[in-house]
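Shown next, in structure tokens, is the structure this report addresses.
Residue numbers (the numbering used here): 5 to 314.
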């Protein structure tokens, strides 16, 4: 049992609950000019420019984001996108999937082109289950750009330097080190995004508000306890009415709707990763009866609890 002083970081718990697999992508070294069509995807992508620079544009968007050396970016919505050097002709786009497959070396590095000016990109993809991905996408913009010059990007620069070193100087344990560093990079990018004030409405936005964040931290630390709007408001140091209004504006749902939604996510995760009885899991997460928990599960996920078993 956790002590009253032990707090759970909501961002860490969300990512730990939902992340199924981290796959470190190959380092990509491209000679300019280049223009690549990146296919649609069903995960979260994170990347960074180690050397050089390029333009990034999501299909269907008019916004072109310049990724400079040392910049980091996060892509979440699954749409295809285009990356290109400034000098590239838009009509010369090359399918990236085919290029990567044909030009990946034994060391895992994809090298393409023979020009002198090089752009070097490293990245990773984070695979979530469908419901987990929806939870993340509901609160994170389609594209997060963390510029190297931002104050919040300082820790990211250190992580990128370590990732770049692992990509070119493989040693024992490289896969594990790269995977862990990619985990760190994902959290650092989300943290930098929070610190920049660029969040949209959703649970992540709540973490950027100190009072809402305190309430969420208290709830995530003991989700199975008897939570109410009054108790959450007290944890945030606010009146019930002011807290409810602020929570809805930031998170996009009422406090108790969030409580129920996150409890159900924990129940679903426990069902998928253990053989514990549904009634025990439900009780641990604050549901007073198996029937009430089953109804809440069907209401949120549209399926019976047994369907969550793997």
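Each residue gets a CB set at the ideal place from its N, CA and C atoms; glycine is no exception. As the structure is a prediction and not an experimental result, all values here were calculated from the model.
Enumerate in chain order the residues of its own chain whose CB-to-CB distance from residue i is below 8 Å, with the five nearest sequence positions on each side excluded.
i: residue 198; result: 208, 211 and 212
i: residue 8; result: In this prediction, residue 8 has a pLDDT of 45, which is less than 50 and means its spatial position is unreliable; what the coordinates show is noted afterwards. Result list for residue 8: empty, nothing under 8 Å.
i: residue 146; result: 62, 65, 79, 80, 81 and 83
i: residue 5; result: Its pLDDT being 40, under 50, residue 5 is placed unreliably in this model, and the value from its coordinates should be taken loosely. The answer is none, since no qualifying residue turns up.
i: residue 21; result: 136, 269, 270 and 273
i: residue 248; result: 233, 237, 258 and 259
i: residue 191; result: 15, 16 and 19
Which residue comes first and which comes last in the beta strand (DSSP E) that contains residue i?
i: residue 170; result: Here residue 170 belongs to no beta strand (DSSP E); instead the alpha helix (DSSP H) covers 158-172.
i: residue 33; result: 32-35
i: residue 49; result: 48-55
i: residue 59; result: 58-62
i: residue 147; result: 147-150
i: residue 121; result: Here residue 121 belongs to no beta strand (DSSP E), and DSSP marks it neither H nor E.
i: residue 71; result: 69-71
i: residue 40; result: 39-42
i: residue 79; result: 76-79
Taking the alpha helix (DSSP H) that residue i falls in, what are its first and last residues?
i: residue 116; result: It is not in any alpha helix (DSSP H) - residue 116 instead sits in the beta strand (DSSP E) that spans 114-116.
i: residue 192; result: 178-199
i: residue 284; result: 282-288
i: residue 88; result: No alpha helix (DSSP H) contains residue 88, which is instead part of the beta strand (DSSP E) from 85-88.
i: residue 136; result: 134-141
i: residue 251; result: 244-255
i: residue 260; result: 259-277
i: residue 303; result: 294-305
i: residue 106; result: 100-107
i: residue 291; result: First-last for residue 291: undefined, no H or E at that position.
i: residue 153; result: Taken as a continuous stretch (DSSP letters only), residue 153 belongs to no alpha helix (DSSP H), as it is neither H nor E.
i: residue 14; result: 14-22
i: residue 210; result: 207-211
Exposed or buried, what is residue i when buried is set at 16 or more other beta-carbons lying within 10 Å of its beta-carbon?
i: residue 31; result: buried
i: residue 153; result: exposed
i: residue 90; result: exposed
i: residue 165; result: exposed
i: residue 143; result: buried
i: residue 75; result: buried
i: residue 263; result: buried
i: residue 307; result: exposed
i: residue 189; result: buried
i: residue 278; result: exposed
i: residue 310; result: exposed
i: residue 18; result: buried
i: residue 246; result: exposed
i: residue 14; result: buried
i: residue 27; result: exposed
i: residue 240; result: buried
Between which residues of its own chain and residue i is the CB-CB distance below 6 Å, once the five residues before and five after are set aside?
i: residue 34; result: 116, 117 and 123
i: residue 114; result: 30, 32, 104, 107 and 108
i: residue 121; result: 36
i: residue 12; result: 224 and 225
Roughly how far, in whole angstroms, is the beta-carbon of residue i from the beta-carbon of residue j, given that I think they are within contact range, below 8 Å?
i: residue 39; j: residue 133; result: With 8 Å as the limit, residue 39 and residue 133 do not qualify as a contact, their Cβ atoms being about 33 Å apart.
i: residue 182; j: residue 170; result: 5 Å
i: residue 128; j: residue 157; result: Contact doesn't hold; Cβ gap of about 17 Å is too wide.
i: residue 54; j: residue 193; result: Going by Cβ atoms, the distance from residue 54 to residue 193 rounds to 15 Å, so no, they are not a contact pair.
i: residue 227; j: residue 184; result: Actually they are not in contact, since the Cβ atoms of residue 227 and residue 184 sit about 27 Å apart, beyond 8 Å.
i: residue 148; j: residue 77; result: 7 Å
Counting only the same chain and skipping the five closest in sequence on each side, list residues whose C-beta sits under 7 Å from that of residue i.
i: residue 314; result: 276
i: residue 161; result: 74 and 152
i: residue 280; result: 274
i: residue 299; result: none
i: residue 70; result: 57 and 59
i: residue 294; result: 282, 283 and 286
Taking 8 Å as the CB-CB cut-off, is residue i touching chain B?
i: residue 147; result: The displayed structure is made up of one protein chain only, and chain B is not part of it.
**Asked** How do the stretch 78-85 and the stretch 57-70 stand: do at least 3 beta-carbon pairs fall below 8 Å, yes or no?
**Response** These segments touch.
**Message:** Check whether the stretch 267-282 and the stretch 239-258 are in contact - that is, three or more C-beta pairs closer than 8 Å.
**Reply:** Result no; under three Cβ-Cβ pairs closer than 8 Å.
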